[in-house]
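**Student:** Got a structure here, written out as structure tokens. Questions coming.
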Amino acid sequence: MSDEFDWADFDGDEIVRPASRVVAYLNPNCDVVLRQERDLVLNDEDVWIVIPKERVSALIKKLQALTEAN
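Here you go:
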């Protein structure tokens, strides 16, 4: 068995794909922050989204509708 392996030869054939960690927390304004750990290849920094606290319920309802529809 050769030690040489080229992942490009198997692009799209992965059985298990890596996933970046995602956390949710409150910022000082009590808004919800969704933060995804940076991808060392694609992103130099973490990606984050701030959801104003008054819109959290609407986001949850939308996410539930999306997942129930599929």
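Just so we're aligned, residue -19 is where the sequence shown starts under the working numbering, counting upward by one.
Beta carbons: idealized from backbone N, C-alpha and C, even for Gly.
R15 by DSSP, collapsed to three states: which one?
**Tutor:** Residue state, collapsed to three classes: strand.
**Student:** If we count Cβ pairs, one from each stretch, closer than 8 Å, do we get three or more for the region 3 to 19 versus the region -16 to -9?
**Tutor:** In short, these stretches do not touch, since the Cβ pair count stays below three.
**Student:** Once DSSP output is grouped into helix, strand and coil, what is the label at A(-1)?
**Tutor:** A(-1) falls in the coil class under three-state DSSP.
**Student:** Over the uninterrupted beta strand (DSSP E) stretch that includes W(-13), give me the two end residues.
**Tutor:** Element bounds for W(-13): n/a, residue is neither H nor E.
**Student:** Tell me the rounded alpha-carbon separation between I31 and N50.
**Tutor:** Going by the C-alpha atoms only, they are around 24 Å apart.
**Student:** Cutting at 6 Å between CB atoms, please list the residues of its own chain near V2, excluding the five before and the five after it.
**Tutor:** Cβ within range, chain order: Q16.
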